[in-house]
Amino acid sequence: GAGVSQTPSNKVTEKGKYVELRCDPISGHTALYWYRQSLGQGPEFLIYFQGTGAADDSGLPNDRFFAVRPEGSVSTLKIQRTERGDSAVYLCASSSLLADEQFFGPGTRLTVL
Amino acid sequence: QKEVEQDPGPLSVPEGAIVSLNCTYSNSAFQYFMWYRQYSRKGPELLMYTYSSGNKEDGRFTAQVDKSSKYISLFIRDSQPSDSATYLCAMSEGQGAQKLVFGQGTRLTINP
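Residue numbers (the working numbering), protein chains in the order written: chain F, 28 to 140; chain E, 216 to 327.
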């Protein structure tokens, strides 16, 4: 079966530009998570969705970051006015409602020049 | 101070050695403890999951949790070159859909 997929796998942009990162969770998973992993660090929580709504967005670093999941499946992480410090691997994970295991995608490697 | 501390290594051992990986944490509300393995340019994959204090064994892997000391460990017996990866500890306060708090990750190399 298909796992979590993320597109694009790599994204290079210029400082100040807007980017969108997409996540396709495992079919039927109601919970979807976004994490950010900087080089040499562990993943850092950004936001998690239950269905269409954000259940916890406490990890979003500032108002340049926004995420949506309009139909309760695919999610898009949006970053406005990108900064060089936003360069990282953005990981998406999904899980079923009561399950303990989060299944991770391969990540999108974002580079801001 | 980070909520979860993990020695980043790198750690290099010969094939067949016993490997010990450790994390400490400061948040006493953490109840669920996990170890993830991450290969280069891949997402993390769950290795072990434990609740509260105690030991759990799965094949060559043993996870230990000592909540009184706020200390968790992962032991790998008869280590193989295929075990070479970054190992991440992770923790959550509740069960089910919850945000995970990760350690920095320890980069492990098993030399043939």
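Glycine included, C-beta positions come from ideal geometry on N, C-alpha and C. Bear in mind the structure is a predicted one, so any value in this text is a computation, not a measurement.
Check: How would you label F:SER225, buried or exposed, when you count the other beta carbons within 10 angstroms and need 16 or more for buried?
Finding: The structure shown has nothing for residue 225 of chain F, since chain F only spans 28 to 140.
Notebook entry, point to check: Do you know whose CA, among F:GLY132, F:GLN64, F:LEU73 and F:SER36, lies nearest F:ASN89's CA?
Noted result: F:LEU73
Check: chain E beta carbons: is any one of them nearer than 8 Å to that of F:TYR75?
Finding: Interface criterion met: the Cβ of F:TYR75 is under 8 Å from a Cβ in chain E.
Margin query: Let me make sure I understand the geometry here. Which of F:ARG111, F:SER85 and F:ALA58 has the alpha-carbon closest to that of F:GLY99?
Written below: For F:GLY99, the closest alpha carbon among the candidates F:ARG111, F:SER85 and F:ALA58 is that of F:ALA58.
Checklist line | Cutoff 8 Å: E:ASP257 Cβ touching any chain F Cβ | finding: The sequence given here places Lys at residue 257 of chain E; Asp does not occur at that position. For E:LYS257, the answer is yes, since a Cβ of chain F falls inside 8 Å of its Cβ.
Checklist line | Amino acids of chain F, ordered along the chain, whose beta-carbon sits closer than 7 Å to that of E:PRO223 | finding: GLY67
Notebook entry, point to check: How is the beta strand (DSSP E) around F:ILE106 delimited, first residue to last?
Noted result: First-last of the beta strand (DSSP E) with F:ILE106: 102-106.
Notebook entry, point to check: When the cut-off is 8 Å and only beta carbons count, does F:SER122 lie next to chain E?
Noted result: yes
Notebook entry, point to check: Which of the residues in the stretch 108-133 of chain F, read from start to end, lie with their CB under 9 Å from any CB of chain E?
Noted result: VAL116, LEU118, CYS119, ALA120, SER122, SER123, LEU124, LEU125, ALA126, ASP127, GLU128, GLN129, PHE130, PHE131, GLY132 and PRO133
Next item on the list: Under 7 Å Cβ to Cβ from E:ILE325, same chain only, skipping five residues before and after it: list those, please.
Entry: VAL228, GLU230, SER294, GLN295, PRO296, ASP298 and SER299
Note to self: What residue range does the beta strand (DSSP E) around F:GLU41 cover?
What the structure shows: Taken as a continuous stretch (DSSP letters only), F:GLU41 belongs to no beta strand (DSSP E), as it is neither H nor E.
Note to self: List, from N- to C-terminal side, the beta strand (DSSP E) runs of 3 residues or more that fit wholly inside the stretch 47-79 of chain F.
What the structure shows: Whole beta strand (DSSP E) segments, 3+ residues: 58-64 and 71-77.
Note to self: Here's the rule: buried if 16 or more other CB atoms are within 10 angstroms of the residue's CB, otherwise exposed. What is F:TYR62?
What the structure shows: buried
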